[in-house]
Each structure stands twice: as structure tokens, then as C-alpha cells.
Amino acid sequence: MVHFLHPGLSPRTIVPPDAQKDALGCSVVQEEASPYSLVNICLNVLVANLEKLCSERPDGTLCLPEHWSFPQELADRLVGVMTWQGKLTDKTASIFQGTQMKLKLVNIQKAQITTAAFIKAFCHHKLIELDATAVHTDLPIPDILSGLCSNRWIQQNLRCLLLDSANIPRDSKRLFFGQLTGLRILSVFNVRFHTEDLANVSQLPKLESLDISNTLVTNISVLLSCKDRLKSLTMHYLKCLTMTKPQILAVIRELKCLLHLDISDHRQLKSDLAFQLLQQKDILPHLVSLDISGGSRITDGAVELFIQQRPAMQFVGLLATDAGYSDFFSTKQGLRVAGGANMSQISEALSRYRNRSCFMKEALYRLFTETFSMQVTMPAVLKLVAIGMRNHPLDLPVQFTASACALNLTRQGLARGMPVRLLSEVTCLLFKALKNFPHYQQELLAIVKQKTAENLDDVTLLFTLKALWNLTDESPAACKHFLDNQGLAIFIQVLETFSESTIQSKVLGLLNNIAEVRELSSTLMTKAVVKHVSSLLHSKELEVSYFAAGIVAHLTSDRQPWISHDLQRNALLQDLYATIQNWPSSSCKMIALVTYRSFKAFFPLLGNFSQPEVQLWALWALYHVCSENPGKYCKLLVEEEGLQLLCDIQEHSEADPQAQQMAASILDDFRMHFMNYQRPPLCMPF
Numbered sequence: 001m002v003h004f005l006h007p008g009l010s011p012r013t014i015v016p017p018d019a020q021k022d023a024l025g026c027s028v029v030q031e032e033a034s035p036y037s038l039v040n041i042c043l044n045v046l047v048a049n050l051e052k053l054c055s056e057r058p059d060g061t062l063c064l065p066e067h068w069s070f071p072q073e074l075a076d077r078l079v080g081v082m083t084w085q086g087k088l089t090d091k092t093a094s095i096f097q098g099t100q101m102k103l104k105l106v107n108i109q110k111a112q113i114t115t116a117a118f119i120k121a122f123c124h125h126k127l128i129e130l131d132a133t134a135v136h137t138d139l140p141i142p143d144i145l146s147g148l149c150s151n152r153w154i155q156q157n158l159r160c161l162l163l164d165s166a167n168i169p170r171d172s173k174r175l176f177f178g179q180l181t182g183l184r185i186l187s188v189f190n191v192r193f194h195t196e197d198l199a200n201v202s203q204l205p206k207l208e209s210l211d212i213s214n215t216l217v218t219n220i221s222v223l224l225s226c227k228d229r230l231k232s233l234t235m236h237y238l239k240c241l242t243m244t245k246p247q248i249l250a251v252i253r254e255l256k257c258l259l260h261l262d263i264s265d266h267r268q269l270k271s272d273l274a275f276q277l278l279q280q281k282d283i284l285p286h287l288v289s290l291d292i293s294g295g296s297r298i299t300d301g302a303v304e305l306f307i308q309q310r311p312a313m314q315f316v317g318l319l320a321t322d323a324g325y326s327d328f329f330s331t332k333q334g335l336r337v338a339g340g341a342n343m344s345q346i347s348e349a350l351s352r353y354r355n356r357s358c359f360m361k362e363a364l365y366r367l368f369t370e371t372f373s374m375q376v377t378m379p380a381v382l383k384l385v386a387i388g389m390r391n392h393p394l395d396l397p398v399q400f401t402a403s404a405c406a407l408n409l410t411r412q413g414l415a416r417g418m419p420v421r422l423l424s425e426v427t428c429l430l431f432k433a434l435k436n437f438p439h440y441q442q443e444l445l446a447i448v449k450q451k452t453a454e455n456l457d458d459v460t461l462l463f464t465l466k467a468l469w470n471l472t473d474e475s476p477a478a479c480k481h482f483l484d485n486q487g488l489a490i491f492i493q494v495l496e497t498f499s500e501s502t503i504q505s506k507v508l509g510l511l512n513n514i515a516e517v518r519e520l521s522s523t524l525m526t527k528a529v530v531k532h533v534s535s536l537l538h539s540k541e542l543e544v545s546y547f548a549a550g551i552v553a554h555l556t557s558d559r560q561p562w563i564s565h566d567l568q569r570n571a572l573l574q575d576l577y578a579t580i581q582n583w584p585s586s587s588c589k590m591i592a593l594v595t596y597r598s599f600k601a602f603f604p605l606l607g608n609f610s611q612p613e614v615q616l617w618a619l620w621a622l623y624h625v626c627s628e629n630p631g632k633y634c635k636l637l638v639e640e641e642g643l644q645l646l647c648d649i650q651e652h653s654e655a656d657p658q659a660q661q662m663a664a665s666i667l668d669d670f671r672m673h674f675m676n677y678q679r680p681p682l683c684m685p686f
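Last residue of the sequence shown: number 686 in full-length UniProt numbering, and the count goes up by one each step with no gaps.
What follows is the structure, encoded as C-alpha cells:
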């Protein structure tokens, strides 16, 4: 439709990933590129217009029209949509009162409803699953249990109850789960759940899966009461355990039916429980899934031996450990690994740990490193990054690391292979991060300052520098904000502290962004900046030299600020010219040094015939990116009316011969590109 309305624009075509190499990526492209189902569209319209379509009771709550009736599957989905959109409140939840709706699988995650509304709306239904994760404090866990147990059918048939991060008032006594005799799955992660409560839960006759992570449990011996039926046990970060490791392992040894065990811990805890477990030869013979991410002293050999002794193993979590790097983990058929050794392990980690911020951060760190020079479109991975951002909106390290990963996954034309809907979601999440962290830049600068003071050139420093660079790109306001917050002094300190080219290129990339802003460029004309830029102009790393040259080109293009330093300016220009001569041909095949959203910052340099050195840098840059990605940059030059500037250089009687030759080469490449791939633009000179 866009192509039809605007014939000058070529239609956006998505090249899906190779189905054999990336089946999940193909699935994501198909899913995201497909229209929403009619059911989803109708439910969204219904939720958006609920108050118009419903009548109001005397107490102000909503009531469905009398003749309306919803089947169970549709009613369950309606609750989910209302919850997802934050529309499930006391006023709207009342539509589930009575018998017009039939509910079975209810999701009220993070809903802001009171106990009275919950009981009236949901506790008369024949529920078999309830997800009350992180519900508002107005609906505490004791009231949830009381409401559910008021329905005899629910007592006998509720199979799954998720209460993660839900509230328990401090004056509450023991929790009573005993009446929920049909319960098979219970999760109380991050809840004030005590050993006495665990003893009560262990008596449930059908309990098969239990998550007691980050609770106040001090002793797990009571689990022996359900040793003949417990199949899944998750107990990471049990910070209050008072048992010795041999005592813990003795209990685990008795859980003969266990198929899944999660004893992962954040690396900061330095627990070696997992290491001790791996040494046990005859423990958990039927295990198919073991998560020991974050454990200390974990080695490839120990994990391999443990898995070989249990051939039915299907999953192992090894993120934030020293294991997962041997060929065994890549070649073992049917084994999934959540770790940091390769993209497959990182993707599994992002999926498994989407709700655990400590491991989400770790996985994103690894992803950033893996995707730094990414040349392959990976929509499935981008979707996992988006999920991480959505699940941890107020976690700054997750947000800025995920932002850097998202930019890696969509740079240099990779965005063209991503579904528009997925890109739209990621863009919205990036804007939400900026809204949630209005002082984002100050916090990032504080991280850089701290890492520099500690002389610690870790991956966090790289993320932060990349984030600041992207934040200031084509944003004069962000550049000014950077300068106002002492960013220049901090970055000079970075250059004086670290000599790694990966750090230098990011610092110079940001300074380039400032140099492009005419009103701010003079702030870079300090002794310290000029000294470092002059030195890095001669760097053996082309990327570093390129960015240093860009700063010199922008700063020297205007003679006025240099009136009293003309000799220094001339020396810089001579250095710039000599440096460009030493670079490889800008059209030679190599990974693009940089990407641009606009060429407008180059136009004043291209029109500067009194400084051929400046012109040459701008032409080299244009020729480089146009050669590497002609489809994107030839079109950009046409759209921004930059072709005329190239023609002017080619035809100008006083232009530098090398500049004329380079301009002619760019125009020749244009002609070749447009003749081979699409009809020429009307303004193309032939």
C-alpha cells in the first residue's frame, strides 16, 4: 500500500532467516508479520469500549448486557487481555460476576483489585489455574487462599496456583494451603513464606511441582513428606537456609521422583552447593533438568560426567559459571543449555530467565558481546530482548544493556530483516526506558566515572559508553546535556586511563556527535581534547583513526574559532590529509566502520572548497558507507539532496583533484547501483 501511494519508495521486503539454521527466527517473522487474529482484535475493541458497552451497578461497578454469554476459552482470554492492558480493576472485574462468563484459567498478574472484588468476580467459578503473580497489596495471599477455599469445587480441583511476589501482611499467621487438596503446582517465589508454611504445603496429597525460591524457609527437611510425588523443585536464592550442605544433599537424595531441580544462585552468593551435588554419583537418577547457573567451582568435566550418568537429561543451566564451553554441550543430541558460550546458549538463557533480573542482565551482557559485529538478522533474539525489557521496566542495568543489544541487532541494515511490529514494540520500550529514567544520562556517566576510577575496563563500561554514544546521536539536546553534566571531563579521563581501541572508538564516536553540532563544537577546542584527538588520528586501528579524523574535520572546517591558533589548525589539517592518504581505499570490502541515519552533517564539509582535507574526509566516509551498503545510502543521498554537492565537487574548477576523483567514483557507483537494482531517481545525473 505504501509503495502504491508513494511510487518513489520501494516496498519494504523482509528476508526471513534460513529455516534450517534458525527455525525459531522464521517462526517469529511469520508470527509478527501476520495480522492479529480476529478474536484478539474483537477482544481489544471490547476492552477499549467496556464502559460504553456495559451498564453500571449502583456501586459503580460494570455489568454485562443481560443477553451476553461467553464460552470458557473466550472468557479466559478476556481476563488475560484486561490484565495485560492494566484494565482489570474493581470496577471492570465485576463483569465476571454471575454466570454469563465461565472461567477456568485465570491470569490476574499485577492487577490492582481488592479482596472483595476478587472473591465476587472469580471465586464462584470452577477454576483449575490461577496466576496471581505480583497482584496489588490490596489482595494479600491469605485473602486469596480464603477466597479460593470458599468454593468446594476449587478446593478439590484447582491444579495450579502462582503467587510469586504477592503480599503477605506482617501480622499474618500461618498460611493454610491444606484445603486445596487438588493442587499439583505451587509457586511462592519472593514471598514471605516460612518453614511452617512449607510443612503445611508438603502434606498436599497431589503436589508435584514447587517453587520456594527467595523465601524465608530455613529448613527443607519437611519435603521428605512428599518425596514420593514431588517431580519438580525450584529453590534458588534460599538465603535463610540454616542447614549444612550435606544435610541439604541428604534431603535431595531422598526425592527419588524428582525430574527437575533448580538450585541456581546469583554468582555473588558464591555457593558451591551445585559443585557438591555434581560429585554425587547415585543421586537423582531420573533427573531430566538441572539448573545450576551462578554456582561456583562448576567445570565442564563435572557437568559432562553428571549428564553422562543420566542419559535422559534434556536441560542444564550453566549461565554465570565456568562451564558450558566444551564441544560436548554443542554435540549432545536433545540437550538444551542456558549459558553464555554461544548464541544458542544465550538465547536459551534469555528465554529461561526472563523473570529473573540478575540472570537476565548476565545473559544480555553475553549477548552484547556476541552481537557486537552481528551480520545476521535474528528476530527471535530481538523478541527475547524485548521481553526482558518489558518484564524489568524499572531495572536500569537491564534497560540500558537491553537497549545496547537491541541496537546491535538492528544496525547496519539488519532492521530491514525485522518485522515492523517487533521493531515498533522495541522502539516503544526504548522510549519507555527513557521516560522511566529521566536522569538516564547522569546515571550512565556516573557508571563511566566509577569504572574509570577503578581502572576496570569490563563489559559494563563498554555497554555504558555505547549507550551514551547512541543517546547523543543526532540529538543536540542530549549532546548539550552530556556537556552540562561534566561528560567531557569524564571522557578525557577515560582516554587517559584506557588504551583499548574498543573503548577509544566509542569515546571518539560520541565526541563526533558533539563536533557535528555547530553551536557546541567549540567546546571541544580544549588543550586536552586536541591532544588526544591528534594522537589517536595516527592509531593503527582504522575505526579509531576514522573517528579522530571526523572530529578534526568538523573542528577545523570553521576558521573563525582558530584565529589565534592558526598554526595549530594548519598542522591538524596537514595531519588529517596525511592520515587519509594512509587509509585503505574507501571502497575496499571491509566491515562498515559506522552507520548513519542522515548525511546532513557532512554537507557543510562537502561544500568547503577552501579546506580540501575536510572535503576528503567527508568524501571518504560517504564512499565507504555507500560501497558497503549501497541500497541504503544511495537512497539516502537522493532523499537528502546530497547528489548535487557531489556534482559540484566534480565540476568545480578549484576543487582538489583527489576530491574530484572520489566524488566521480561515488557518482559512478550510484549509476551502477540504480541501473542494476532499481529505476534511477529523477535527479540522478547521467
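We put the beta carbon where it would ideally sit given N, CA and C, even for glycine.
Query	Result
Exposed unless 16 or more other CB atoms sit within 10 angstroms - verdict on leucine 456	exposed
Helix, strand or coil at glutamine 678 [DSSP, three-state]	Unreliable placement is indicated for glutamine 678, whose pLDDT of 49 sits below 50; the coordinate value is still reported in the next sentence. In this structure, glutamine 678 counts as coil in the three-state DSSP scheme.
Cβ contact check for the stretch 96-111 and the stretch 70-77: 3 or more pairs under 8 Å	yes
Of the residues Val594, Arg597, Leu622, the one placed nearest leucine 606, counting alpha carbons only	Leu622
Nearest candidate by alpha-carbon position, reference glutamine 568, set Phe547, Met374, Gly631, Met525	Met525
Straight-line Cα distance separating isoleucine 649 from glutamine 611	12 Å
Which listed residue (Ser69, Leu430, Leu290, Ile41) has its alpha carbon closest to that of glutamine 314	Leu290
Assigned exposure category for proline 58 - 16 Cβ within 10 Å defines buried	exposed
Range covered by the alpha helix (DSSP H) that runs through glycine 388	379-391
Cβ contact (3+ pairs, closer than 8 Å) linking the stretch 19-33 and the stretch 370-386	yes
Pairwise C-alpha distance: serine 598 and glycine 631	14 Å
From His260, Asn107, Ala578, Ile346, residue whose alpha carbon lies closest to that of valine 135	Asn107
Anticipated Cβ contact below 8 Å, residue 712 with leucine 210, distance rounded	The chain is shown from 1 up to 686; residue 712 falls before or after that span and cannot be answered.
DSSP three-state assignment for glutamate 474, whether helix, strand or coil	coil
Run of the beta strand (DSSP E) containing tyrosine 336, from where it starts to where it stops	Residue 336 is actually arginine in this sequence, not tyrosine. Counting along the chain, the beta strand (DSSP E) containing arginine 336 begins and ends at 336-338.
Where aspartate 171 sits in the DSSP three-state scheme	coil
Residue environment, phenylalanine 686, which counts as buried when at least 16 other CB atoms sit within 10 Å	Caution applies to phenylalanine 686, whose pLDDT of 39 falls short of 50 and renders its modelled position unreliable; the value that the coordinates give is listed next. Phenylalanine 686 should be labelled exposed.
Three-state secondary structure (DSSP) of glutamine 486	coil
Under the three-state DSSP convention, the category asparagine 200 falls into	helix
Coil, strand or helix - glycine 129 by DSSP	Here the sequence assigns glutamate to residue 129, which means glycine is not the residue at that position. The answer is strand: DSSP assigns glutamate 129 an E or B state.
Buried/exposed call for aspartate 395, threshold 16 Cβ in 10 Å	buried
Three-state secondary structure assigned by DSSP to valine 517	coil
Three-way DSSP call (helix, strand, coil) for valine 625 in this model	helix
Beta bridge counterpart(s) of asparagine 107 as assigned by DSSP	Asp131
Those residues which DSSP pairs with aspartate 575 across a bridge	Aspartate 575 pairs with nothing; no bridge assigned.
Nearest to cysteine 405 (by Cα), restricted to the options Arg421, Phe437, Glu443, Glu362	Glu362
CB of leucine 520 within 8 Å of CB of alanine 553, strictly	no
C-alpha gap between proline 604 and aspartate 327, whole angstroms	54 Å
Euclidean distance between Cα positions of glutamate 639 and lysine 600	11 Å
Identity of the residue in Leu204, Val448, Ile292, Ile514 nearest isoleucine 503 by Cα	Val448
Nonlocal neighbours in the same chain, by C-beta distance under 6 Å from leucine 667, ignoring five residues either side	Leu646
Validate contact between the stretch 337-354 and the stretch 365-375 using beta carbons, cut 8 Å, 3 pairs	yes
Coarse secondary structure for glutamine 100, derived from DSSP in three states	coil
Own chain partners of asparagine 167 with C-beta closer than 6 Å, once the 5 adjacent residues on each side are dropped	Thr137, Pro140
Per-residue burial, tryptophan 68 [other beta carbons within 10 Å of its own, 16 or more giving buried]	exposed
Status (buried if at least 16 other CB within 10 Å, exposed otherwise) for valine 420	exposed
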